[in-house]
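What follows is a set of notes on a single structure, which appears directly below.
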Amino acid sequence: MCRARGCAKCPRVVTCSLAWTDAVYGGAAHCGVAILRGFMKTDTLKAQLKRTLRRDLWIAVAPATLLIAVAFSVTFYFVKPAPPKTLVMALAPEEGGFNYMAKRYQKFLAQHGVTLELRNTKGSVGSVALLSAEDSGVDIAFAQSGTTGGKGQEVPEHVASLGSLSYVPLWVFYRGEPVDDVRGLQGKRIAVGPEESGTRALAMTLLQANKVDTAPTELLPLDRDAAIDALTQGKVDAVFLVSPAESPRIQRLAAVKDVRLLSFNRAEAYTRRYPYLSRHVLPQGVFDFAKDVPDHDVVLLAPNALLLAKDSLHPALAYLLMRAASEISGTAGILDKTGEFPAPLAAGFPLSSEAKRYYATGVPLLQRYLPFWAANLVDRLWVMLVPIIAVVVPLGRAVPAALLWRVRSRIHRWYARLKEIEIQLEEDPDQEMLQDMLKRLEEAEREVNRIVVPLAYAENLYFFREHVDVVRRRLTRRLAGAPEHKDGHPLHVTA
794 MCRARGCAKC PRVVTCSLAW TDAVYGGAAH CGVAILRGFM KTDTLKAQLK RTLRRDLWIA
854 VAPATLLIAV AFSVTFYFVK PAPPKTLVMA LAPEEGGFNY MAKRYQKFLA QHGVTLELRN
914 TKGSVGSVAL LSAEDSGVDI AFAQSGTTGG KGQEVPEHVA SLGSLSYVPL WVFYRGEPVD
974 DVRGLQGKRI AVGPEESGTR ALAMTLLQAN KVDTAPTELL PLDRDAAIDA LTQGKVDAVF
1034 LVSPAESPRI QRLAAVKDVR LLSFNRAEAY TRRYPYLSRH VLPQGVFDFA KDVPDHDVVL
1094 LAPNALLLAK DSLHPALAYL LMRAASEISG TAGILDKTGE FPAPLAAGFP LSSEAKRYYA
1154 TGVPLLQRYL PFWAANLVDR LWVMLVPIIA VVVPLGRAVP AALLWRVRSR IHRWYARLKE
1214 IEIQLEEDPD QEMLQDMLKR LEEAEREVNR IVVPLAYAEN LYFFREHVDV VRRRLTRRLA
1274 GAPEHKDGHP LHVTA
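794 is the number of the first residue of the sequence shown in my numbering; add one for each residue after it.
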């Protein structure tokens, strides 16, 4: 006889835990068969629950996944590409101290993983022309303000300024009697610089404005060193040079006997006509206190040294270049004050959008605290947070709500049966109709009990069962002939 309660057919000893299983499955079957059936039913229920849950998750998550993928794809289209690791700079090595500055830029950029290649030109005009050419491969250039292409001061397309780096004065050295203006050079032999040079462009602007560019004046296209040698040897009467005041060649030439330095008495007038020029005073004795060179104050005109770039230059590199400019050009000089450069001075070129932001707010926040490569990576990936914030977060709330809606929809559609039965109860049905209503109610309960519901949403199933019990009690009372109280208002449910 089995120790398990309710089992009379099994001659074997069965543990008490099996008695529960046998009782659950009727107590009439063999204990082993009952246990096997119990496990089979349990496994079947679990499998059905898993299948239903997977289906519900797929229906809820698949559209969300597709929407997220579309959002990321669209956002990725707008993510800026990584900046190139190589830049090409055009410059005239003999002009404006550009070669010295370029070497310092190379060193600075190398510290941040960027290689700067130099491409020499004959002058600022050539550098600007090379930069503006689409297929030149040049990304940036040093140039002199006022050399905006060489023809009619037209600003080349797709070229923008990152700012002015320093003052590069125009030096007019000459021999002979003192003169106080360019007009005094009429009929002289003048070295104005080679073709495509910024020196020649500025010299011709001033000479033409004073009508000193025609015969008997002789204009010679000598480069810097050849012009200086020709002047010291008396082969020319005057030379135009554009160079920083710190240049040793300029300081040595200023100390040569019988060579004078022109002081522009009408400098203010020139700056009004040509906004890219500025007026400066070279103090007496600043080159050599012992020898008093120069021996009087000299008024100079100075264009600016510019850092130009293609308007397609990667923004991260534009900010890095301006950081380099602040470090290299921010110190004081003979004509420059500490912190005066770089600056958004009038230069004949429009400022780039990055330069405008830099001069307004300084270095971007990320580049202040992170290495260049890390700041650039974070800046590029920052855009990817848009779909996360705008799509993923709302969907994280919507998916559980969608799952809950699917579970409720399976149960709530049976509330229509309950409502129908309640309405029929109000119509004073006979016994046969009441039996039919009870049968339909029990059918609805059986169907709902077959619905596989995840445990997290099982409360909806039990709520329905409670409501079924309320309607069943009313039906039972009516079948028993018991009167229903007037205050026993029928249960109102909504589908």
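Glycine residues also receive a C-beta, built at the ideal position from the N, C-alpha and C atoms.
*Leaving out the 5 sequence neighbours to the left and right, which residues in its chain are closer than 6 Å to V1057 when beta-carbon positions are compared?*
For clarity, residue 1057 is Phe in the given sequence; the question names Val instead. For F1057, same chain residues with a beta-carbon under 6 Å away, outside a window of 5 residues either side, are V1092 and L1094 in chain order.
*asked:* Measuring alpha carbon to alpha carbon, tell me which residue in A875, N913, K878 and E1039 is nearest N892.
replied: That would be N913, whose Cα lies nearest to the Cα of N892.
_Proximity winner among G919, A1047 and I1214, relative to S929 (alpha-carbon distances)_ = Among G919, A1047 and I1214, the Cα nearest to that of S929 is on G919.
*Under three-state DSSP, which class holds F1257?*
Three-state DSSP puts F1257 in a helix.
*Pair every Cβ in the stretch 963 to 983 with every Cβ in the stretch 893 to 908, then say whether three or more of these pairs are closer than 8 Å.*
When Cβ pairs closer than 8 Å are counted between the two stretches, the stretch 963 to 983 is seen not to touch the stretch 893 to 908, the count staying below three.
*Does the Cβ-Cβ distance between L1159 and A1153 come in under 8 Å?*
Not in contact: L1159 and A1153 (Cβ atoms no closer than 8 Å).
*With DSSP run on the structure shown, which of helix, strand or coil describes K915?*
K915: coil per DSSP, three-state reduction.
*Where DSSP assigns a beta bridge to Y960, which residues make up the other side?*
N1097.
*Cutoff 7 Å; reference F1134; Cβ partners in own chain excluding five residues on either side*: S957, L958, S959, S1122 and G1123, listed in sequence order.
*Sequence-distant residues of the same chain with beta carbon closer than 7 Å to R1017, five excluded per side*: These residues qualify, in order along the chain: E887 and L1034.
_CB-CB length for A1038 against D1081, believed under 8 Å_ = In this structure A1038 is not in contact with D1081, their Cβ atoms being roughly 13 Å apart against a cut-off of 8 Å.
*Which one or two residues does DSSP pair with V1091 in a beta bridge?*
When DSSP reads this structure, V1091 sits in a beta bridge with L1075.
_For T992, which residues in the same chain have their Cβ closer than 6 Å to its Cβ, ignoring the five residues on either side in sequence?_
Excluding positions up to five away in sequence, the list reads G986, F1033 and V1035.
*asked:* To test your reading of the DSSP string, which unbroken beta strand (DSSP E) runs of 3 or more residues are found completely within the stretch 1120 to 1171?
replied: Here no run is fully enclosed.
*CA-to-CA distance, G889 to K878, given in whole angstroms*: In this structure, the alpha-carbon of K878 lies about 27 Å from that of G889.
*Measure the beta-carbon distance from R982 to D1030 and round it to whole angstroms, keeping in mind my assumption that it falls under 8 Å.*
About 5 Å; that satisfies the 8 Å criterion.
*Let me know the secondary structure DSSP gives T992 once reduced to three states.*
Helix.
*Taking C-beta to C-beta, are L1024 and V1052 nearer than 8 Å?*
Cβ atoms of L1024 and V1052: closer than 8 Å.
*Test item: CB-CB of F1257 and V1246 under 8 Å*: No, they are not a contact pair.
*asked:* Three Cβ pairs or more, each shorter than 8 Å: is that satisfied between the stretch 1210 to 1218 and the stretch 1261 to 1269?
replied: Three or more Cβ pairs drawn from the stretch 1210 to 1218 and the stretch 1261 to 1269 lie within less than 8 Å of each other, which places the two stretches in contact.
_Whether or not the stretch 1062 to 1079 and the stretch 1093 to 1108 are in contact is what I'm after, with contact meaning three or more pairs of Cβ atoms, one per stretch, closer than 8 Å; do they touch?_
The stretch 1093 to 1108 makes contact with the stretch 1062 to 1079; the number of CB pairs closer than 8 Å reaches 3 or more.
_Rounding to the nearest angstrom, what Cα-Cα distance links L1013 and E927 in this structure?_
For L1013 and E927, the distance between alpha carbons rounds to 32 Å.
*Between P1009 and G980, which are expected to be in contact by the criterion C-beta below 8 Å, what is the C-beta distance as a whole number of angstroms?*
The pair is a contact, with the Cβ atoms about 4 Å apart (cut-off 8 Å).
*asked:* So for P1244, helix, strand or coil by DSSP?
replied: For clarity, residue 1244 is Ile in the given sequence; the question names Pro instead. Secondary structure at I1244: coil, using DSSP grouped into helix, strand and coil.
*Which residues share a DSSP beta bridge with M882?*
According to DSSP, which records beta bridges pairwise, M882 is partnered with L911 and I933.
*So, is D1280 buried or exposed, given that buried needs 16 or more other C-beta atoms within 10 angstroms?*
Caution is warranted here: a pLDDT of 45 is assigned to D1280, below 50, making its placement in the model unreliable, and the coordinate value is therefore given only provisionally. It counts as exposed.
_Rounded to the nearest angstrom, what separates T1007 and K1084 at their Cα positions?_
Answer to the nearest angstrom: the Cα atoms are 38 Å apart.
_Which listed residue (K1050, V1261 and K1149) has its alpha carbon closest to that of I1204_ = Ranking K1050, V1261 and K1149 by Cα distance to I1204 puts V1261 first.
*Flag this pair as yes or no: are the beta carbons of V931 and V881 separated by less than 8 Å?*
Yes; because the gap between Cβ atoms is below 8 Å, this pair is in contact.
*Sub-8 Å separation of L1015 and A994 beta-carbons*: No; because the gap between Cβ atoms is not below 8 Å, this pair is not in contact.
*Among L1099, L1075 and S1071, which has the Cα closest to the Cα of L924?*
Ranked by Cα distance from L924, the options L1099, L1075 and S1071 are led by L1099.
*Indicate whether at least one CB of chain C lies closer than 8 Å to the CB of Y1255.*
Checking the listed chains, one finds no chain C in this structure; it contains a single protein chain.
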